[in-house]
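>
Protein chains in written order, with our numbering: chain V, 1028 to 1252; chain P, 209 to 414.
#1: Taking a Cβ distance cut-off of 8 Å, strictly less, list which residues of the region 1067-1091 of chain V are near chain P, in chain order.
#2: For the region 372-399 of chain P, enumerate the residues whose C-beta is nearer than 7 Å to any C-beta of chain V, in chain order.
#3: So which residues of chain P does residue 1210/V contact, with C-beta pairs closer than 7 Å?
#4: Check whether chain V comes within 9 Å of residue 328/P, counting only Cβ atoms and requiring the distance to be less than that.
#5: Using a Cβ-Cβ cut-off of 9 Å, state whether residue 417/P counts as contacting chain V.
#6: What are the residues of the region 1105-1123 of chain V that lie near chain P, defined by any Cβ-Cβ distance shorter than 7 Å?
#7: What does the alpha-carbon distance come out to for the pair residue 228/P and residue 390/P?
#8: I need the boundaries of the alpha helix (DSSP H) containing residue 1069/V, first residue and last residue.
#9: Taking the alpha-carbon of residue 408/P as reference, which of 281/P, 275/P, 381/P has the nearest alpha-carbon?
#10: Count Cβ pairs between the region 1166-1185 of chain V and the region 1078-1090 of chain V that sit closer than 8 Å; are there 3 or more?
#11: When the cut-off is 9 Å and only beta carbons count, does residue 1148/V lie next to chain P?
#12: Grab me the residues of residue 1210/V's own chain with a C-beta within less than 6 Å of its C-beta, minus the 5 sequence neighbours each way, in chain order.
#13: What do you get for residue 332/P, buried or exposed, if any count of 16 or more other CB atoms within 10 angstroms of its CB means buried?
#14: Quick one: what's residue 312/P bridged to in DSSP?
#15: Helix, strand or coil for residue 1243/V? Go by DSSP, reduced to three states.
#16: Counting only Cβ pairs nearer than 8 Å, list the residues of chain P close to residue 1215/V.
#17: Would you kindly check if the distance between the Cβ of residue 1055/V and the Cβ of residue 1133/V is under 9 Å?
#18: Could you check the C-alpha separation between residue 299/P and residue 328/P for me, to the nearest Å?
#19: Tell me whether the beta-carbon of residue 1187/V lies closer than 9 Å to the beta-carbon of residue 1062/V.
#20: Considering only DSSP beta bridges, list what residue 279/P is partnered with.
#21: With a threshold of 6 Å on Cβ separation, who are the neighbours of residue 1086/V within its own chain once the five nearest residues in sequence on each side are excluded?
#22: Does residue 240/P come within less than 9 Å of chain V when only Cβ atoms are used?
#23: How would you label residue 1178/V, buried or exposed, when you count the other beta carbons within 10 angstroms and need 16 or more for buried?
#24: From residue 1235/V to residue 1127/V, what distance separates their C-alpha atoms?
#25: Does residue 1198/V come out as helix, strand or coil in the three-state DSSP assignment?
#26: Spell out whether any CB of chain V is found under 9 Å from the CB atom of residue 157/P.
#27: Just to confirm the assignment, what range does the beta strand (DSSP E) spanning residue 327/P have?
#28: Are there 16 or more other CB atoms within 10 angstroms of the CB of residue 307/P, so buried, or fewer, so exposed?
#29: Return the residue from the list 360/P, 352/P, 382/P, 319/P that minimises the CA-CA distance to residue 295/P.
#30: Quick one: is residue 1199/V buried, meaning 16 or more other Cβ sit within 10 Å of its Cβ, or exposed?
#31: For residue 320/P, does the three-state DSSP call read helix, strand or coil?
#32: Please report how far the alpha carbon of residue 222/P lies from the alpha carbon of residue 1094/V, in whole angstroms.
Here it is as structure tokens:
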């Protein structure tokens, strides 16, 4: 049983990471990651939607007939996103001004429909919730890393404006890595997003290959003994 | 009848879709009611904050409630008026310029005498690092408008330096400041044409 939860967690965070393994949700990924803070905000909002949509889809999975499942999922996800959009606008207005444009993009985040279809519709509510949480955490992590790389290279800061997202208590996160930095425009513009994603993806592949090579002899030994 | 069997029936699909649509729209209208007041309050606070940035000083009235709408070059312009001792001392309104990447929305405050009290860009999509120097956080260029009016500089000098005017452009970005300067000039002309109505002195109506 624990084995299963560990697998769901590993899949979400690393092995089947939304951005770096499934290569889904690249549109919002490239659009918002000009700073680490924006990435974090988008990641958290997507995680909330992903968690709720997985729970709802999984709890009504016996009622939904396969013929009309896609429109039902889409309507559910669109409703959740609109709810998040309205509550952010009402109760976190400063953050909404930063992220507002991208919240609506969560609807077309195919990762959410993908998880509803591939996981939540076939698993129990608890498993689906864990999957949503972990996929969301993996997505958030990817966005923060991409955003961090672009922000450090592009403007020499890290987590700028974090107090708008997390409240004044988190202002300590805001660091200037390179003082008096003139800025490297390319990294802030969309091409920088593609480059950051590409290099990080390549780095993950290298790591994975090295891990696999290291695991192989161990597995072979275990099989012979 | 079992659920499995029922699920394959055509009528079940219709009822399912209808039920989902009904439930979700109910949830949405409920949420819309719950958030409406807070969203309005947040937007009003936002607007007030941007208004006070271009209208330094104290005014006796609530700016958001003393408004007048006039036809401008690009549709109706909503003007907020600040009063002291019943007299309109300053007005604030939006102007829109054409930037490098779409509209640049500015809000400008103009005094009774037609002098600029302040200009702020509230929305733009200009290139980060080049065109975004119109934001006060990036550069103090936008403050160079304060105190200017249609006679100072002269009308033909209301342009960026490259076009023979007096306003600085940025290295690598001329279109953005050109758009803002043009918008501000248009805003002053709008004030000139309508100042009787704007200052509430048109027909002796109080």
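A virtual CB, placed ideally from N, CA and C, is assigned to each residue, including glycine.
Straight from the coordinates:
#1: Those would be 1089, 1090, 1091, in chain order.
#2: Under the 7 Å Cβ criterion, the region 372-399 of chain P contributes no residue.
#3: Residues of chain P with a Cβ closer than 7 Å to the Cβ of residue 1210/V are, in chain order, 337.
#4: No, its Cβ sits nowhere closer than 9 Å to a Cβ of chain V.
#5: Beyond the ends of chain P as shown, which are 209 and 414, falls residue 417/P; an answer cannot be given.
#6: Listed in sequence order: 1106, 1109, 1110, 1113, 1114, 1116, 1117, 1118, 1120.
#7: Computed Cα separation, rounded: 51 Å.
#8: Here the alpha helix (DSSP H) through residue 1069/V covers 1063-1086.
#9: Cα-wise, what sits closest to residue 408/P is 275/P.
#10: With the cut-off at 8 Å, the region 1166-1185 of chain V and the region 1078-1090 of chain V do not touch.
#11: Nearest CB-CB separation between residue 1148/V and chain P: not below the 9 Å threshold.
#12: Taken in chain order, the residues that qualify are 1182.
#13: Result: buried.
#14: 305/P.
#15: It is helical.
#16: Residues of chain P passing the Cβ test: 336, 337.
#17: Cβ distance < 9 Å, so residue 1133/V and residue 1055/V count as in contact.
#18: The straight-line gap separating the alpha-carbon atoms of residue 299/P and residue 328/P is approximately 14 Å.
#19: Closer than 9 Å, so yes.
#20: Paired residues: 284/P.
#21: Cβ within range, chain order: 1152.
#22: Yes, contact with chain V.
#23: Label assigned to residue 1178/V: buried.
#24: About 36 Å.
#25: Residue state, collapsed to three classes: helix.
#26: The requested residue 157/P is not part of the displayed model; chain P covers only 209 to 414.
#27: For residue 327/P, the enclosing beta strand (DSSP E) starts and ends at 324-331.
#28: A buried status is given to residue 307/P, since no fewer than 16 other beta-carbon atoms sit within 10 Å of its beta-carbon.
#29: In terms of Cα proximity to residue 295/P, the closest of 360/P, 352/P, 382/P, 319/P is 319/P.
#30: Residue burial annotation: residue 1199/V is exposed, with fewer than 16 other C-beta atoms found within 10 angstroms of its C-beta.
#31: Here DSSP, grouped into helix, strand and coil, assigns residue 320/P to coil.
#32: The alpha-carbon atoms of residue 222/P and residue 1094/V are separated by roughly 11 Å.
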